[in-house]
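If you're matching positions, the sequence shown starts at 291 in this note's numbering and goes up one per residue. The next block holds one structure in the form of structure tokens; read it before the comments.
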Amino acid sequence: MDASTPGSWQIVLASGNPGKLAELTALLAPLGCHVQAQGEFQLAEAEEPHPTFVENALAKARHASFHTGLPALADDSGLCVDALGGLPGVRSARFAPQIEGPRAGQDAANNRLLLQQMQGQTRRRARFVSVVVALRHAADPEPLIARGELIGEIGHVAQGKGGFGYDPLFVLADGRTLAQCGAEEKNRISHRGQALQALLPLLRTHWGWMPAST
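Structural data, given as structure tokens:
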């Protein structure tokens with residue numbers, strides 16, 4: 291399908307993270323495009339060797355678009371903690387040593403390591419950052435790039451059963467963790483949701499795309 295045809299185009303999501311896929315699919319669902327995960331094409335995840343979110347997001351989007359022949363959307367996101375000099379940053383998903391098995395096991399290990407490194411810290415400000423990239427094709431010279439962030443603090447104990455990753459440790463201004471928010475609320479306030487909202491006017495301006503409801 292043509293990325294310039296409103297309401298008819300396909301886009302592949304360049305991620306194998308099930309939590310991220312669920313969030314991005316929900317956020318994109320009202321936008322009138324057919325969303326497919328790269329796993330539907332038996333496509334392995336791209337390498338993410340770069341030191342910045344934008345470079346890694348570009349690498350993932352180009353990888354997915356090259357191997358599928360479709361427009362691609364990639365998100366690179368992570369938790370940046372002031373007291374840790376911005377860590378875990380781009381290594382948020384791989385902060386702790388790698389654990390085989392379901393993603394939840396790696397998330398738990400990452401959270402344990404973060405709590406260990408924050409012991410005794412009184413400065414607990416942190417932010418979730420998301421950079422979203424959209425490409426019409428793998429060699430697109432004009433990638434659309436949008437950024438979102440959510441500011442909070444690192445809690446002392448995990449709270450809440452929702453979300454994934456560091457959500458149970460990320461405390462919002464009202465005292466709840468992100469894992470204590472419902473999915474709809476999280477999508478509205480999250481760094482990823484903000485980045486996608488910032489992407490919409492770029493899709494309209496550069497791809498000639500308009501939401502199906504307009």
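Positions of the beta carbon are idealized from the N, C-alpha and C atoms, including for glycine. Please read these numbers as outputs of a predicted model, since none were measured by experiment.
Cα-Cα separation between residue i and residue j, rounded to whole angstroms
i           : j           : result
residue 375 : residue 443 : 14 Å
residue 432 : residue 344 : 14 Å
residue 461 : residue 425 : 33 Å
residue 493 : residue 391 : 37 Å
residue 495 : residue 330 : 30 Å
residue 428 : residue 434 : 13 Å
residue 487 : residue 423 : 12 Å
residue 306 : residue 465 : 31 Å
residue 388 : residue 360 : 31 Å
residue 489 : residue 436 : 5 Å
residue 445 : residue 459 : 5 Å
residue 540 : residue 327 : Given that the chain is displayed from residue 291 to residue 504, the structure contains no residue 540 and the question cannot be resolved.
residue 477 : residue 451 : 16 Å
residue 395 : residue 463 : 28 Å
residue 378 : residue 312 : 23 Å
residue 412 : residue 382 : 21 Å
residue 491 : residue 342 : 24 Å
residue 497 : residue 405 : 43 Å
residue 430 : residue 475 : 34 Å
Neighbourhood of residue i by C-beta, 6 Å cutoff - its chain only, sequence neighbours within 5 removed
i           : result
residue 350 : 304, 336, 364
residue 362 : 302, 304, 351, 354, 355, 425
residue 333 : 357
residue 400 : 385, 386
Contacts around residue i, its chain only, beta-carbon distance under 7 Å, and the 5 residues preceding and following it disregarded
i           : result
residue 346 : 338, 340, 366, 380
residue 308 : 393
residue 325 : 301, 303, 315, 318
residue 370 : 376, 379, 416, 417, 419
residue 397 : 454, 455
residue 348 : 423, 433
Nearest to residue i (by Cα), restricted to the options the options
i           : options            : result
residue 384 : 456, 319, 416      : 456
residue 310 : 299, 368, 322, 333 : 368
residue 314 : 482, 497, 498      : 482
residue 407 : 386, 480, 334      : 386
residue 479 : 334, 396, 420      : 420
residue 438 : 342, 484, 489      : 484
residue 447 : 463, 342, 409      : 409
residue 414 : 463, 373, 327, 430 : 373
residue 471 : 463, 459, 453      : 453
The ligand ADP heavy atom lying under 7 Å from the CB of residue i
i           : result
residue 413 : This structure lacks the ligand ADP; in fact it carries no ligand of any kind.
Supposed contact pair residue j and residue i - C-beta distance, whole angstroms, cut 8 Å
i           : j           : result
residue 403 : residue 418 : With a Cβ gap of about 17 Å, residue 403 and residue 418 do not count as contacting.
residue 473 : residue 449 : Contact doesn't hold; Cβ gap of about 17 Å is too wide.
8 Å CB neighbourhood of residue i in its chain, flanking five on each side removed
i           : result
residue 504 : For residue 504, the pLDDT reaches just 40, beneath the cut-off of 50, and the residue's location in the model is therefore unreliable, although a value from the coordinates is still provided. Closer than 8 Å at Cβ, skipping near neighbours: no residue.
Endpoints, the alpha helix (DSSP H) within which residue i is located
i           : result
residue 389 : Looking at the DSSP string, residue 389 is not in any alpha helix (DSSP H), and its letter there is neither H nor E.
residue 505 : Outside the modelled stretch of the chain, which goes from 291 to 504, sits residue 505, for which no answer is possible.
Boundaries (first-last residue) of the beta strand (DSSP E) holding residue i
i           : result
residue 343 : First-last for residue 343: 343–358, but that is the alpha helix (DSSP H), not the beta strand (DSSP E).
residue 415 : 415–425
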